[in-house]
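What follows is one structure encoded as structure tokens, with my remarks underneath.
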Ligand SMILES: [Fe+2]
Ligand SMILES: [Fe+2]
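Numbering (the numbering used here), first residue to last: 1211 to 1522.
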């Protein structure tokens, strides 16, 4: 990217790709059993492969410079779902063009890393990750991650961890918060456009108590001290706009609906946002383009009248 050219960053989230056809009864113990029932009762009708196919086609046409995927790629964290999701990621782009962070459904239960999340390692790893001779075997070697694309800094934060049935909370954790503080402090004065990617919404009031980010206050404090230029999240399955304090004012905190959602209501229909980020003599210019799934046309179309299209 030339230093004064616009960089286009597409944000998609929560595809909830599932493989329920070949499921074995032994895979449905504990929390997965309830998740399976929920899928059969409601979610299979809401999340559609046809919507994801339309999304893939649309992204191939709009050709963003980079794609940010903010978690819940799978539904029950089944090994088959991770294999299928790997193929889906490859259909979007190579690991240098697509950045992934996990969501709570990607750690629905405790799993064997090499059978599950290892399938995405190269889509999650930091540019300068020093993994030595040992294969990555957990999030602690990956997050927080920093990927630089020109002057755009993609900062990945992991909030995913297995939780009790009926809970969908997320936690950053002290270890990651300490590293994140160092990373945000180091990048604060480097004239970068820092995009913080996190699955659970960090602003208050976006999701219910059972779906909350347990240490949201700690992240809010870091943003208040070191700032960021944009925060992207998933998890809520709807369009959300909040703001959090930074040293210079506020940062926009934006969520998108599920990428596979047929849409119980037009508000919850699949959308993706593309941020066109252009450096200015002082600061940045941000233009947001919204594309929404049209069930009538089975394709994504521009939504110029979406309120978020009029962001600064
Ligand atoms: Fe989700
Ligand atoms: Fe989620």
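C-beta atoms are modelled at their ideal positions from N, C-alpha and C, and glycine is treated no differently. Please read these numbers as outputs of a predicted model, since none were measured by experiment.
Span of the beta strand (DSSP E), counted from its first residue to its last, around residue i
| i | result |
| --- | --- |
| residue 1450 | 1450-1456 |
| residue 1361 | From DSSP, residue 1361 is part of no beta strand (DSSP E); its letter is neither H nor E. |
Proximal residues to residue i (C-beta, below 7 Å), its chain only, five neighbours per side dropped
| i | result |
| --- | --- |
| residue 1397 | 1363 and 1404 |
| residue 1229 | 1288, 1290, 1291 and 1294 |
| residue 1377 | 1420 |
| residue 1244 | 1375 |
| residue 1500 | 1481, 1483, 1513, 1516, 1518 and 1519 |
| residue 1450 | 1411, 1416, 1464 and 1465 |
| residue 1332 | 1305 |
Whole-Å CB distance - residue i paired with residue j, under 8 Å assumed
| i | j | result |
| --- | --- | --- |
| residue 1259 | residue 1447 | That belief does not hold up - the Cβ atoms of residue 1259 and residue 1447 are roughly 17 Å apart, past 8 Å. |
| residue 1242 | residue 1319 | 6 Å |
| residue 1366 | residue 1353 | 6 Å |
| residue 1221 | residue 1468 | About 12 Å separates the two Cβ atoms, so there is no contact after all. |
| residue 1316 | residue 1269 | That belief does not hold up - the Cβ atoms of residue 1316 and residue 1269 are roughly 21 Å apart, past 8 Å. |
| residue 1314 | residue 1427 | Not a contact, Cβ separation roughly 19 Å. |
| residue 1160 | residue 1305 | For residue 1160 there is no data in the structure shown, the boundaries of the chain being 1211 and 1522. |
| residue 1440 | residue 1280 | Wrong, their Cβ atoms sit about 12 Å apart, outside the cutoff. |
| residue 1413 | residue 1466 | About 15 Å; that fails the 8 Å criterion. |
| residue 1436 | residue 1394 | 4 Å |
| residue 1432 | residue 1390 | 6 Å |
| residue 1505 | residue 1477 | So it is not a contact: roughly 14 Å between Cβ atoms. |
| residue 1302 | residue 1266 | 7 Å |
| residue 1502 | residue 1479 | 6 Å |
Element boundaries [alpha helix (DSSP H), containing residue i]
| i | result |
| --- | --- |
| residue 1242 | 1241-1248 |
| residue 1333 | 1331-1334 |
| residue 1393 | 1384-1397 |
Contact set for residue i: own chain, Cβ-Cβ below 6 Å, skip 5 residues either direction
| i | result |
| --- | --- |
| residue 1212 | Note that residue 1212 scores 44 on pLDDT, short of 50, meaning its location in the model is unreliable and no value can be drawn from it. |
| residue 1509 | 1264 |
| residue 1379 | 1373, 1422 and 1424 |
| residue 1455 | 1434 |
| residue 1321 | 1287 |
| residue 1334 | 1310 and 1352 |
| residue 1495 | 1488 |
| residue 1336 | 1355 and 1356 |
| residue 1402 | 1361 and 1363 |
| residue 1346 | 1331 |
Beta-bridge partners of residue i, as assigned by DSSP
| i | result |
| --- | --- |
| residue 1489 | 1494 |
| residue 1502 | 1481 and 1511 |
| residue 1221 | 1278 and 1483 |
| residue 1380 | 1423 |
| residue 1227 | 1284 |
| residue 1355 | 1366 |
| residue 1315 | None; residue 1315 has no bridge partner. |
| residue 1200 | The shown model of the chain, from 1211 to 1522, leaves out residue 1200, and the question about it has no answer. |
Own chain partners of residue i with C-beta closer than 8 Å, once the 5 adjacent residues on each side are dropped
| i | result |
| --- | --- |
| residue 1307 | 1275, 1276 and 1277 |
| residue 1359 | 1211, 1217, 1275 and 1276 |
| residue 1329 | 1292, 1293, 1295 and 1296 |
| residue 1262 | 1225, 1227, 1298, 1469 and 1470 |
| residue 1438 | 1365, 1394, 1404, 1405, 1406, 1456 and 1461 |
| residue 1453 | 1413, 1460, 1461, 1462 and 1463 |
| residue 1381 | 1369, 1371, 1423, 1424 and 1425 |
Neighbour flag for residue i against chain D, beta carbons, 9 Å
| i | result |
| --- | --- |
| residue 1516 | In the structure shown, chain D does not exist; there is a single protein chain. |
>> Restricting to runs no shorter than 3 residues, where is the beta strand (DSSP E) found entirely within the segment 1403-1485?
In response: The qualifying runs are 1403-1408, 1440-1443, 1450-1456 and 1459-1465.
> What alpha helix (DSSP H) runs, 4 residues minimum, are completely inside the segment 1270-1312?
Replying inline: Correct list: 1289-1302.
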